[in-house]
Structure formats: C-alpha cells, structure tokens
Ligand code: 5GP
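Residue numbers (our numbering): 1 to 181.
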C-alpha cells in the first residue's frame with residue numbers, strides 16, 4: 001500500500017517499514033554503547049512515541065527502565081507551540097540517566113518544555129532520542145542527541161504518528177501529498 005487516505009488528506013509511502021527498522025537498529029546500537037552499565041530511565045512521550053519506544057527497548061539488551069509521560073502538543077497539521085505540564089512522571093529522577101523518547105521533533109518546543117521540567121528533578125544526565133527529526137523546522141538550540149531518521153519539513157504519519165487519531169498503526173512512514181496549486 002503506497003498511497004492512503006486518512007480523513008480528508010492523502011499520503012504516500014515515504015519510508016518503508018524495513019528502512020524504519022534499520023534506522024532503529026542503528027540507534028539502539030548507539031544507545032547500548034552509551035548507556036551500558038548506567039541503568040538509564042527511558043521516558044517515552046505519549047501518544048506518538050509508544051511505537052518507537054517499544055521497537056527501541058526490545059533491541060536494547062542492557063539493564064534499563066521505561067516509563068511514559070504525556071504533554072499536550074499538537075492540533076491539526078501545524079505545530080501550535082503550546083504545551084502543558086508533564087503528566088505521569090512518578091519515577092525518582094534525581095541522579096538518574098534519562099533518555100527522552102520522542103516520535104518526532106519538529107519545532108523543538110515540546111522537547112524544550114520536557115527538558116526544562118526534568119531539570120527541576122536534578123537528573124545525572126538527560127539526552128533526547130527521536131524516531132524522526134525535521135531539521136528545517138527546528139527552532140531550538142538544544143542538540144538532538146540521537147536521531148533515527150532526518151526528514152524534510154512535511155507532515156507525516158505512521159509508526160506511531162497520527163492525523164487526527166488515524167494512521168498510528170501503519171508500519172513505515174507516510175508523507176502528505178500536497179495538492180497542486
Ligand atoms: P514540536 O514541539 O517539536 O514542534 O512538535 C512535537 C510534536 O508535534 C510531536 O510529538 C508530534 O506530536 C507533533 N508533530 C510534529 N510534526 C508532526 C508530523 O509531521 N506529523 C505528526 N503526525 N505529528 C507531528
């Protein structure tokens with residue numbers, strides 16, 4: 001299936017499942033080398049990161065913990081930049097090595113907010129791992145430490161990412177087809 005319709009929008013296959021898997025394999029290798037023996041706490045950002053988090057941690061044969069938080073983030077096809085508090089972070093953060101898991105980093109407003117909130121809890125270190133990164137949309141200065149795939153600045157779905165609730169279950173990544181003007 002290379003072309004799909006979700007609600008009112010059309011999408012075409014951009015990255016097949018095998019390429020997404022290969023990118024996550026590579027990222028898992030990076031994280032294994034960096035965090036072996038440090039018992040990292042992975043913090044997945046719901047809803048979108050559920051897919052990436054599961055795919056990543058099943059490839060990590062190191063001692064680690066995983067938890068999930070929720071932030072209000074996105075409406076429609078453009079990032080609003082509005083986020084609220086972290087919901088659901090019950091683990092002790094102080095002195096821990098934290099790896100924030102994101103489905104996608106777009107403007108970077110969400111990761112900035114999350115890192116600010118985590119800093120209040122005095123972790124030993126914090127890094128960011130994301131399935132997708134849009135460098136052309138990024139407006140922050142914080143380095144995005146671990147990126148599975150860099151993509152152009154277009155709206156995508158699949159592998160955990162949705163359009164108004166649909167598309168999260170699609171393997172691979174699909175890119176919006178913009179109608180000719
Ligand atoms: P940021 O705060 O970096 O601008 O955006 C982060 C959030 O916006 C992501 O966690 C995701 O929920 C949403 N987002 C950004 N770009 C896209 C996209 O291309 N597709 C989808 N489905 N969500 C996106």
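C-beta atoms are modelled at their ideal positions from N, C-alpha and C, and glycine is treated no differently. Here the structure is a predicted model, which means the values were calculated and not measured.
Check                                                                                                                                                                   : Outcome
Tell me, which residues are paired with residue 189 by DSSP?                                                                                                            : This structure cannot speak to residue 189, because the chain is shown only from 1 to 181.
Beta-carbon separation of residue 100 and residue 43 under 9 Å?                                                                                                         : yes
Looking at the unbroken alpha helix (DSSP H) that takes in residue 107, where does it start and where does it end?                                                      : Looking at the DSSP string, residue 107 is not in any alpha helix (DSSP H), and its letter there is neither H nor E.
Indicate whether the contact test is met: 3 or more Cβ pairs, each with one atom in the segment 46–59 and one in the segment 89–104, closer than 8 Å.                   : yes
Is DSSP giving residue 113 helix, strand or coil here?                                                                                                                  : helix
The alpha helix (DSSP H) with residue 6 in it runs from where to where?                                                                                                 : No alpha helix (DSSP H) contains residue 6, which is instead part of the beta strand (DSSP E) from 3–6.
For the alpha helix (DSSP H) that residue 62 lies in, which residues bound it at each end?                                                                              : Looking at the DSSP string, residue 62 is not in any alpha helix (DSSP H), and its letter there is neither H nor E.
Please identify the residue among 142, 31 and 172 whose C-alpha is closest to the C-alpha of residue 156.                                                               : 172
Is there contact between the segment 13–32 and the segment 105–120, where contact requires at least three CB pairs shorter than 8 Å?                                    : no
So, using beta-carbon positions, are residue 107 and residue 138 closer together than 9 Å?                                                                              : yes
Please list, in chain order, all residues of the same chain as residue 81 whose beta carbon is under 8 Å from its beta carbon, the five residues on each side excluded. : Confidence is the limiting factor: at residue 81 the pLDDT is only 48, short of 50, which leaves the residue's position unreliable and the question unanswerable from this model.
If I follow the unbroken alpha helix (DSSP H) through residue 44, where does it start and stop?                                                                         : Here residue 44 belongs to no alpha helix (DSSP H); instead the beta strand (DSSP E) covers 41–46.
Would you check whether the ligand 5GP has a heavy atom nearer than 8 Å to the C-beta of residue 60?                                                                    : no
How should residue 125 be labelled, buried or exposed, when 16 other C-beta atoms within 10 angstroms of its C-beta is the threshold for buried?                        : exposed
Whole angstroms is fine: what's the gap from residue 141's alpha carbon to residue 45's?                                                                                : 20 Å
Between residue 58 and residue 67, what straight-line distance do the alpha-carbon atoms span, to the nearest angstrom?                                                 : 14 Å
Could you give the DSSP three-state label for residue 147: helix, strand or coil?                                                                                       : strand
Compare the Cα-Cα distances from residue 131 to each of 6, 16, 39 and 53 and report the closest residue.                                                                : 53
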